[in-house]
Amino acid sequence: MTPEEFAKFALDRRRLAVLGLLAVEPVDTDGLVAATGQDRREVLEALGVLAVEGLVIKGDAEAWVLQESGLLAVADLLPKAPPPAPRVFFGMTADEGEVLARYTSGNRLTEIPSKRSHRLVVLERLALEFDPGTRYEERQVNGILSLWHPDYAALRRALVDEGFMDRGGGEYWRAGGRVTELG
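Heads up: the sequence shown begins at 1 in UniProt numbering, then just goes up one per residue.
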């Protein structure tokens, strides 16, 4: 089953209700009827379709059990995120590159790290986007950071808070971090 087929198939409200309950724990038919508010025929039809697709089986004590292997098979067919672009690693050490690889896809950050040590690595890399000695208007900083992540304001604040950039009079400039030509 393709991911698209799974989405169409699983988004039927009756099947989705049954799948959701079975994702928590095995449940017998009567329990599914009571929990979903569906009549017995609807629950049995949903279970029949789910069983044919390999997503549920009848386990011990007449309880229905979610087959995670069926979901994993669908997940394996989903497109994978592209690896980080080589330029993401420019000017960074191998250890820093490993951290960056966890938070980037292509040329973009997938998330802003919550762990401070990881966030500092990301901010160190972002600081390389700004030339030392150059003053930037806030909109320029926002434009550069928005190429990396939609929450450019959080990145801008973090760069200032962690000492990689400074600000004054509506302008921003590099205040820390290593100096490397991005070329």
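All C-beta atoms, glycine included, are put in the ideal place defined by N, C-alpha and C. In this text, all values refer to a predicted model and were calculated from it rather than measured experimentally.
Could you pull out every residue in the same chain whose Cβ sits closer than 7 angstroms to the Cβ of residue i, ignoring the five residues on either side in sequence?
i      : result
Arg14  : Gln38, Glu42 and Ala46
Val121 : Glu96, Val99 and Leu100
Per DSSP, residue i forms a beta bridge with which residues?
i      : result
Arg14  : Arg14 pairs with nothing; no bridge assigned.
Ala63  : Asp28
Tyr172 : Tyr136 and Arg167
Gly106 : Pro84
Lys58  : Trp64
Counting C-beta neighbours from all protein chains within 10 Å, is the total for residue i 16 or more, i.e. buried, or is it exposed?
i      : result
Pro132 : exposed
Gly177 : buried
Arg125 : buried
Val141 : buried
Arg156 : buried
Arg174 : buried
Where does the unbroken beta strand (DSSP E) through residue i begin, and where does it stop?
i      : result
Leu44  : No beta strand (DSSP E) contains Leu44, which is instead part of the alpha helix (DSSP H) from Arg40 to Val52.
Asp151 : Taken as a continuous stretch (DSSP letters only), Asp151 belongs to no beta strand (DSSP E), as it is neither H nor E.
Taking residue i as part of the alpha helix (DSSP H), name the residues at either end of that continuous run.
i      : result
Gly168 : First-last for Gly168: Met165 to Gly168, but that is the beta strand (DSSP E), not the alpha helix (DSSP H).
Could you name the residues of the same chain whose beta carbon sits closer than 6 angstroms to that of residue i, not counting the 5 residues immediately before and after it, in chain order?
i      : result
Leu159 : Leu123 and Met165
Handout entry: Three or more C-beta pairs below 8 angstroms linking the segment 25-44 and the segment 98-113
Key = Pairwise C-beta distances place the segment 25-44 out of contact with the segment 98-113, as fewer than three of them are shorter than 8 angstroms.
Exercise for the section: Take every Cβ of the segment 74-81, pair it with every Cβ of the segment 150-169, and state whether three or more of those distances are shorter than 8 angstroms. Expected result: no
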